[in-house]
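Dropping the structure here:
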């Protein structure tokens, strides 16, 4: 995927809606219509804002970035691209050339939600992306990432492990949501917003897990 794709192009792509629904939903939630119409996926990534909507989605897609400059190129796992808030691993003269990931494929379901102060032109107070591979009634693989809550994009590995091999009933959803909240605080540390975000992320995770499992 090229870095100059705009968010409406991503959100309206039938291919991405089918194979990477979580990214389609995240791109459709960026900013306002005026911003979305000109903003690119590459800009959303390279700005490296912890609140960027597409970052949790690309984390659960296990994306890889191709970085290019005169004389060569290199490939970087998505999570390794971010070194600090608003800081990336781009070297002088280097450009983001390509974003790649495998289609989620059969058995996978995904969802994205964000919580913000208003419905348009909104920056996420907190966001969540989930991808689940479900066989029968059990979760065979889980990927969870929350945005606007950690200094750089991160997967919630303990919560993912808790889901693996389990059925996704309301009790399990609540347990996973609480664990994500604890993981988030562990990665980000305690800040003035922690009391609010630790509760908000639980509600958001419950919503996104229900959506993913039924989608």
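Numbering (my numbering), first residue to last: 373 to 587. Backbone N, C-alpha and C define an ideal beta-carbon position, used for all residues, glycine too. These numbers come from a predicted model, not from an experiment.
Cα-Cα separation, residue i to residue j
i: residue 408; j: residue 500; result: 20 Å
i: residue 466; j: residue 583; result: 38 Å
i: residue 484; j: residue 442; result: 37 Å
i: residue 481; j: residue 459; result: 31 Å
i: residue 401; j: residue 576; result: 15 Å
i: residue 515; j: residue 454; result: 19 Å
i: residue 532; j: residue 461; result: 27 Å
i: residue 550; j: residue 444; result: 45 Å
i: residue 391; j: residue 562; result: 37 Å
i: residue 393; j: residue 422; result: 21 Å
i: residue 613; j: residue 506; result: Because the chain is modelled from 373 through 587, residue 613 falls outside the range shown and cannot be assessed.
i: residue 436; j: residue 585; result: 26 Å
i: residue 476; j: residue 555; result: 25 Å
i: residue 386; j: residue 468; result: 24 Å
i: residue 534; j: residue 497; result: 26 Å
i: residue 511; j: residue 541; result: 11 Å
i: residue 486; j: residue 446; result: 32 Å
i: residue 517; j: residue 434; result: 11 Å
Chain-order list of residues whose beta-carbon lies under 6 Å from that of residue i (same chain, five-residue window excluded)
i: residue 373; result: 471
i: residue 545; result: 578 and 581
i: residue 513; result: 505
Identity of the residue in the options nearest residue i by Cα
i: residue 509; options: 383, 539 and 498; result: 539
i: residue 521; options: 457, 511 and 507; result: 457
i: residue 406; options: 379, 394 and 391; result: 379
i: residue 502; options: 410, 559, 551 and 528; result: 528
i: residue 474; options: 388, 413 and 486; result: 388
i: residue 463; options: 418, 427, 487 and 486; result: 418
i: residue 523; options: 376, 427 and 375; result: 427
Sequence-distant residues of its chain with Cβ nearer than 8 Å to residue i (five each side left out)
i: residue 411; result: 378, 379, 402 and 403
i: residue 566; result: 557 and 560
Nonlocal neighbours in the same chain, by C-beta distance under 7 Å from residue i, ignoring five residues either side
i: residue 553; result: 570, 573 and 574
i: residue 384; result: none
i: residue 382; result: 388, 395, 396, 399 and 413
i: residue 376; result: 412 and 414
i: residue 543; result: none
i: residue 548; result: 531, 534, 535, 577 and 581
Cβ-Cβ separation, residue j to residue i (assumed contact under 8 Å), whole Å
i: residue 429; j: residue 395; result: 4 Å
i: residue 525; j: residue 451; result: 6 Å
i: residue 448; j: residue 439; result: 6 Å
i: residue 425; j: residue 519; result: 7 Å
Going along the chain, which unbroken runs of the beta strand (DSSP E) with 3 or more residues stay wholly within the region 385 to 457?
-> Runs of the beta strand (DSSP E) spanning 3 or more residues and lying entirely within the region 385 to 457 occur at 436 to 441, 444 to 449 and 454 to 456, in chain order.
Note down, one range per segment and in chain order, each beta strand (DSSP E) of at least 3 residues found wholly within the region 541 to 565.
-> Qualifying beta strand (DSSP E) stretches: none in this window.
Jot down the residue ranges of each uninterrupted beta strand (DSSP E) in the region 460 to 527, minimum 3 residues, whole runs only, in chain order.
-> Taking only runs of at least 3 residues, the beta strand (DSSP E) segments lying wholly in the region 460 to 527 are 467 to 472, 480 to 488, 496 to 507 and 510 to 519.
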